[in-house]
Each structure stands twice: as structure tokens, then as C-alpha cells.
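The structure under discussion appears below in the form of C-alpha cells.
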Amino acid sequence: MSADPSTDRRALTEQQYADSGNLVARQSIYAFQRPISDIWNGSLDLARLRGDETILDIGCGNGLYLGVLRARRHRGLVCAGDFSQGMLRSARPAAGDGPLLMSDVQAIPFADDTFDVTLAMHMLYHVPDRAVAIRELRRVLRPGGVALVVTNSETHFEELDDLLVECAATATGIERLPARSHINFTMESGAQELATAFSSVEAHAFASELALTEVPPALDYARSMSMFVADNVGQLGAVLDELERRLTAAIAADGAFRIRTVSGCFACT
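One point on numbering: in numbering that gives the first Met the number 0, the residue at position 70 of the sequence shown is 69, and numbering is uninterrupted.
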């Protein structure tokens, strides 16, 4: 594995995103978000869609944004791509009859000026060469089009990430960096990188919190992030046991374990 597991393509396709399980675990914990922050519709609203635009969702994952576009009854062509076959299989129901392609944002397989809107949602931090990827997002965008890029803040999930680091140190004796420290494309840093290819980059934040009143969703989240908290199954089990103990105590004492959620979308033209 490379020094940075967040951009190691083999680790991502064979472990993190071999199927949708890890992603679903991370998405499911948002059931505890209060107030609900609809980043999916909120981000798409920034493109001021009429309904007939051609859209490329690159790094589509399990297709949440494709599902939102279908729910909006978007009439224009929506094409999606991902470098994981497992993710594309998971995205098929949301994509309907729309085309799904095995593709890499660093080499988008379309001609210049093809799409009215390009989406790069929660994925640029997994790209080894973001400068190339950002140029590709701009290259396939038609004049007057918009690229929407979603990522997290440096403070996103800070409380749970820090707790996982403490649990790992207690359970295994190994000091680790929090998972968010591996995310090197954030709301704080992303605008400068995007500005190398786009003339206008506007940041829009979506902030809320999770009021976690149940322990299992946090354990599922920790399992989905196992590459950051443990080196093997035995270590992971010990970390999960410690996490369960601490969260059970915190929820009993305070009624909920609270976790900040701070994500956002860059609208780029």
C-alpha cells in the first residue's frame, strides 16, 4: 500500500470500494443528522438546472446524485463513470437506462466541450494527480457550463475521528493520524486548486451535526474506515470494542454523542 491510502488505486478498488458496503455504512450514519442538510439537492441547485442539460457524474460511487437527478425528472443525458466496477454495479439502479462507464477522471473519455455540467462529488481527494483531473473536468465542459465539486471541511467528523484515534491507541498501542488528515482536498484548500483551471470558483458550505443515539452505526462507520484505524482483523476488533465501550458511556451520560458535519460544494465556471 502507498503512504497515502486515500489515493492508492489498488487499495481503493480492492478494499474501500470493491463494492458499495463501506460507502453505504458512511452514508447511513447521516440518518442521525439534525437538522438534515440536503447537500445533494443543495449542490445541484447551484447549477440552476433547467432539466435538459447534459451532465457527467465522474466518480459516481453508488449513484446518489444520479438518483436525485432521476427524482427531479431530469430530461437531458446523464452519463456517469467510476474506476470501480463494484461501484458501477451499485449505481445501475439509480442510473436507470443512462450510460455507466469504467473511467478515470484523470483521462475522461469524451471530447472537449461535451457537457453542460460536470459533477465530481466527494471524490477528488482520491485522485493521485488532481491537477490533471481538474483540467479534465474543465476540458469536457462547454462554454458557460458549470462544474460542481463536493468535498469535506477539515473539521468534518472531527469528534468521531479523534475518538477513533484514541480508541486505536488504547486498544493497540499504536498512534495513528485521524482519517480526515489523509484527505488533502478540502473546503479550506480546494478553491485554490480549482482556480488553476476555472475563472470563477464559489464555495458553498453545508454545516450541521449528527446526534448519535445508537452505537452500531458508529461501529459500521469505523469498520468502513478500517484501513485508517487498524492493520489487521484482530486490531480492528479491539478498536471496535473500545469504541463501543466509550460511545455507550457517552450516550448514557449525555443522551447523544455529537459529531460536526461540515461539507460543501464548489461551483466552478
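Glycine residues also receive a C-beta, built at the ideal position from the N, C-alpha and C atoms.
Check                                                                                                 : Outcome
Residue from V228, S5, R47 whose Cα sits closest to the Cα of A168                                    : V228
Counted within 10 angstroms of its Cβ, other Cβ atoms place P177 as buried (16 or more) or exposed    : buried
CB contact flag (V104, V77, <8 angstroms)                                                             : no
Any alpha helix (DSSP H) of 4 or more consecutive residues that is wholly inside the region 84 to 129 : 84 to 94
The beta strand (DSSP E) enclosing C78, as first and last residue numbers                             : 77 to 81
Spatial distance of G66 from A94 (CA atoms)                                                           : 7 angstroms
D56: first and last residue of the uninterrupted beta strand (DSSP E) it sits in                      : 54 to 57
Proximity winner among A196, L239, G50, A110, relative to L163 (alpha-carbon distances)               : L239
Backbone CA spacing between V200 and Q191 [nearest angstrom]                                          : 9 angstroms
Sheet register partners of I250 (DSSP bridge)                                                         : According to DSSP, which records beta bridges pairwise, I250 is partnered with nothing at all.
Sheet register partners of R259 (DSSP bridge)                                                         : E208
Residue of P92, Q26, V214 minimising C-alpha distance to H121                                         : Q26
Closer than 7 angstroms: D56 CB and nearest the ligand ADP heavy atom                                 : The model depicted lacks the ligand ADP and carries no ligand whatsoever.
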